[in-house]
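So the structure is just underneath, and the comments pick up after that.
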Amino acid sequence: MNPSTDLCNKAYLNAFYQRIKERRGAGKAIIATARKLLSIIYDTLKNGWVFEDFTEFKIKQNQRPAGQPS
């Protein structure tokens with residue numbers, strides 16, 4: 304499978320990819336989309352969000368702060 308199509312399976316990322324591709328070309332669009340996906344993953348893990356969709360996040364319930372004894 305082509306890495307550029309792997310990143311663009313979701314409509315949200317696909318629309319972002321297509322916008323950048325039109326202006327800057329496929330290579331830069333792949334990198335920009337990968338960076339956006341990495342940012343989404345980082346924010347999801349950092350904030351304890353439960354993934355449902357890229358445009359909607361839900362906060363986990365009963366979350367313990369990192370480094371605290373259980």
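Sequential numbering from 304 applies to the sequence shown in this note's numbering. We treat Cβ as the ideally placed atom computed from N, Cα and C, and that holds for glycine.
- Ala335 and Ile323 do touch by the CB rule: their CB atoms are close to 5 Å apart, below 8 Å.
- Of all alpha-carbon atoms in Lys349, Asn317, Leu348, the one lying nearest the alpha-carbon of Ala332 is that of Asn317.
- By the CB criterion at 8 Å, Phe319 and Lys339 fall inside the cutoff.
- In the DSSP assignment, Gly330 falls within the unbroken alpha helix (DSSP H) covering 329-350.
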